[in-house]
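Student: Residue numbers (my numbering): 26 to 538.
We put the beta carbon where it would ideally sit given N, CA and C, even for glycine.
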Amino acid sequence: MNDHGIRGLTSLPGVLIALILAACGGGGGGSNTVTSDSGGSPVSETASTFAAHDRLTENLLQQFVTDSQSKGELAARETLVSNLRREPLVKSAAILSDGLTVEVHFTTGSRVYLFAYNRSQTQTQAGRSADAPDYGRQSAEGKPKALIISPYWFNEGGGYSQTKDAVKTAGYDLVVQENMAFGRGEVDLADYSNWSSYSLVIVSSHGSGSLLDTGVPIADLREFNEVMHDPYKVAGRAPDDKGYTYGLKPEYFSKVAAKMQNTLVIFDACKNGTEDWAGALQQAGAGAFVGFMEEIGWDEGNDAINRLIPLLASCKSLGEAIDSLRSQGVFMYAGPAAGLSWKMCEGCLNISGVWSFIDNGRVTCSGGGETDTAPISGSGAVNIAQNGCNVSWSVSLDGVNYSRAGSVSGNAIQVSGPFVVPLEGGVNITQNTYSASGTISADTRKINLNGTGSATGSYEGVGFTCTGTDKVTLTRLSVAAYSSLGLRRQQPKLLLNSSLIILTVSNMGDRFE
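Following this line, the structure appears as structure tokens:
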């Protein structure tokens with residue numbers, strides 16, 4: 026299982042090295058708690074033992090710096106290992122597969138890792154490649170806004186895509202910052218510094234009780250030295266890192282990061298579910314915080330969040346949602362205590378039932394050297410299903426069911442689905458989206474929606490593009506009225522050999538012919 030753990034680093038004075046605490050948890054500078062050889066509970070060393078380890082490694086690493094200038098870095102590192110093995114305090118020492126890190130087991134049962142390289146040899150420095158692609162920000166218009174930061178997107182399981190879908194279905198305009206490979210994407214430190222415009226923030230990364238891994242590489246020795254003396258940051262290395270990255274302490278958010286406005290912050294990371302993190306984020310203006318208390322895998326974390334978001338979207342309080350998850354065997358930390366009353370919505374109007382509609386719009390399609398614009402209109406009825414604040418409806422067109430799905434927040438409603446439907450072979454759709462938003466009357470008898478759609482593709486090898494807008498009015502009906510209501514559709518003029526149906530908000534398709 027690929028857990029979300031990260032190992033923290035501390036510095037030894039005057040030497041270009043760092044100690045890595047080999048656990049999901051990590052430490053800042055000066056910590057004297059290290060991991061036992063067996064991987065069990067941390068070993069609390071005495072001050073004298075820790076000082077002896079400190080002096081030993083400092084002296085040997087100073088020699089490494091000197092040797093690397095005369096022997097070269099590889100030979101100097103091998104000498105370092107040889108010298109360590111001769112020390113009475115050292116049980117074993119070996120160079121790890123990265124070629125940079127030396128693992129040391131002391132006779133006291135503690136274990137550390139030494140990161141050492143020559144100041145003058147830039148090829149050993151971790152950092153971004155010059156040709157790192159810019160994948161851009163993914164966002165949509167409207168409010169409220171949500172942010173997902175995923176520096177390890179390339180290792181996420183299939184549940185990660187479902188997380189993004191769950192956030193969108195809950196009614197958020199979503200901004201996603203994700204790396205396509207280690208250090209090669211959009212995620213940078215600025216993404217962790219300004220969450221003031223977001224109502225929901227999800228960070229899917231590595232972490233511990235004392236740090237959150239940003240996935241942002243430390244580019245060179247100067248930055249490495251700076252972070253080792255920074256009171257709010259720590260250098261770290263996660264299991265899937267190819268170099269050292271910036272880790273953020275809780276104090277970074279309470280004292281450095283821009284203030285938030287009642288934001289729900291979710292850390293999908295190992296052991297971040299603590300009162301320290303909740304308190305720090307509350308000081309930064311977060312309304313509530315959710316994290317995990319134990320080590321978790323990518324799929325496990327995604328699954329828990331994918332269950333949490335719909336519960337919150339149904340207007341349950343955070344405390345109610347967490348209790349519901351725990352009853353299902355899913356355990357997450359939520360805090361502080363005041364944050365348990367946080368709600369994603371204050372409730373929504375009930376629009377379930379049968380509705381008549383009148384729909385009018387206009388569609389333009391271009392293909393094969395011709396462009397046609399035609400009105401579309403229709404009337405009929407739909408049966409709206411509602412689960413909490415999530416709504417959906419569907420009808421059958423030519424024997425196939427198509428649906429609209431979305432959410433209600435207060436008296437606002439938004440839905441989305443496909444825009445066109447191919448009617449015959451030879452039609453290849455490459456992009457196909459429709460969305461509509463509007464308002465519900467206070468007595469829940471009327472719904473007014475404005476929709477837009479677009480589609481691109483090819484028909485018999487010829488490319489086409491269709492765009493359109495429509496307005497629809499829905500009026501609540503009784504079941505008896507629904508049973509006697511027929512469907513009426515206007516038939517637009519010929520285009521693309523009658524190969525497409527245009528789906529308006531009502532799903533009553535209009536055949537372009």
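Is the number of C-beta pairs between the region 359-369 and the region 463-472 that are closer than 8 Å three or more?
Tutor: no
Student: So for residue 492, helix, strand or coil by DSSP?
Tutor: If DSSP states are grouped into helix, strand and coil, residue 492 belongs with the strands.
Student: In chain order, what residues of the same chain lie with their CB nearer than 8 Å to the CB of residue 343, ignoring the 5 residues before and after it?
Tutor: 289, 313, 315, 337, 359, 364, 365, 366, 367 and 368
Student: What runs of the beta strand (DSSP E), each 3 residues or longer, lie entirely inside the region 373-446?
Tutor: 378-392, 395-412, 415-422, 425-434 and 437-442
Student: Are the region 208-227 and the region 170-183 in contact at 8 Å, needing three or more beta carbon pairs?
Tutor: yes
Student: Taking CB distances under 8 Å as the criterion, tell me whether residue 205 reaches chain C.
Tutor: In the structure shown, chain C cannot be found, because there is only a single protein chain.
Student: Any idea what DSSP makes of residue 170, helix, strand or coil?
Tutor: strand
Student: Expressed to the nearest angstrom, what Euclidean distance is found between the alpha-carbon atoms of residue 413 and residue 340?
Tutor: Straight through space, the alpha carbons of residue 340 and residue 413 are spaced by roughly 7 Å.
Student: From residue 539 to residue 225, what does the alpha carbon distance come to, in whole angstroms?
Tutor: No information on residue 539 is available, as it lies outside the stretch 26 to 538 that the chain covers here.
Student: Can you tell me which of the three DSSP states residue 358 falls into?
Tutor: strand
Student: So residue 311 is in the beta strand (DSSP E); what residue range does that whole segment cover?
Tutor: 311-316
Student: Going by DSSP in three states, residue 131 sits in which element: helix, strand or coil?
Tutor: Annotated three-state conformation of residue 131 is strand, per DSSP.
Student: Smallest Cα separation from residue 493: which of 487, 484 and 480?
Tutor: 480
Student: How would you label residue 325, buried or exposed, when you count the other beta carbons within 10 angstroms and need 16 or more for buried?
Tutor: Buried.
Student: Three or more C-beta pairs closer than 8 Å, one from the region 349-357 and one from the region 369-377: is that the case here?
Tutor: Fewer than three pairs of CB atoms, one per stretch, sit closer than 8 Å, so the region 349-357 makes no contact with the region 369-377.
Student: Which residues does DSSP pair with residue 500 in a beta bridge?
Tutor: In the DSSP output, where bridge partners are listed per residue, residue 500 has 381 and 471.
Student: Can you tell me which of the three DSSP states residue 368 falls into?
Tutor: Strand.
Student: Thinking C-beta only, is residue 305 closer than 8 Å to residue 278?
Tutor: yes
Student: Which residues in the same chain as residue 121 place their Cβ atom closer than 6 Å to its Cβ, once the five residues preceding and following it in sequence are excluded?
Tutor: 128
Student: For the beta strand (DSSP E) holding residue 258, just list the boundary residues, first then last.
Tutor: 258-262
Student: What does the alpha-carbon distance come out to for the pair residue 4 and residue 320?
Tutor: There is no way to answer for residue 4, as the model of the chain reaches only from 26 to 538.
Student: Fully enclosed by the region 223-295, which beta strand (DSSP E) runs are 3 residues long or longer?
Tutor: 225-229, 237-242, 258-262, 270-273 and 288-293
Student: Can residue 188 and residue 330 be called in contact, C-beta distance under 8 Å?
Tutor: yes
Student: Report the rounded CA-to-CA distance for residue 201 versus residue 172, giving the unit in angstroms.
Tutor: 6 Å
Student: Starting from the Cα of residue 403, find the closest Cα among 387, 219 and 334 and give me that residue.
Tutor: 387
Student: Just tell me which of 108, 90, 113 and 299 has its CA closest to the CA of residue 77.
Tutor: Check the Cα spacing between residue 77 and each of 108, 90, 113 and 299: the tightest is with 113.
Student: In the structure shown, what three-state DSSP assignment does residue 328 receive?
Tutor: Residue 328 falls in the helix class under three-state DSSP.
Student: How is residue 116 classed by DSSP in three states: helix, strand or coil?
Tutor: strand
Student: When you compare each of 98, 271 and 110 to residue 214 by their alpha carbons, which one comes out closest?
Tutor: With distances taken between Cα atoms, residue 214 lies closest to 271.
Student: Kindly list the residues whose CB is nearer than 7 Å to the CB of residue 10, restricted to its own chain and excluding five residues on each side of it in sequence; keep chain order.
Tutor: No information on residue 10 is available, as it lies outside the stretch 26 to 538 that the chain covers here.
Student: Name the DSSP beta bridge partners of residue 452, please?
Tutor: Beta-bridge pairing links residue 452 to 484.
Student: Quick one: Cα of residue 180 to Cα of residue 323, how far?
Tutor: 8 Å
Student: For residue 442, does the count of other Cβ atoms within 10 angstroms reach 16, so buried, or fall short, so exposed?
Tutor: buried
Student: Given this structure, state the Cα-to-Cα distance separating residue 115 from residue 126, to the nearest angstrom.
Tutor: 16 Å
Student: Considering only the beta carbon of each residue, do residue 432 and residue 196 sit closer than 8 Å?
Tutor: yes
Student: Measuring alpha carbon to alpha carbon, tell me which residue in 430, 391, 426 and 445 is nearest residue 487.
Tutor: 391
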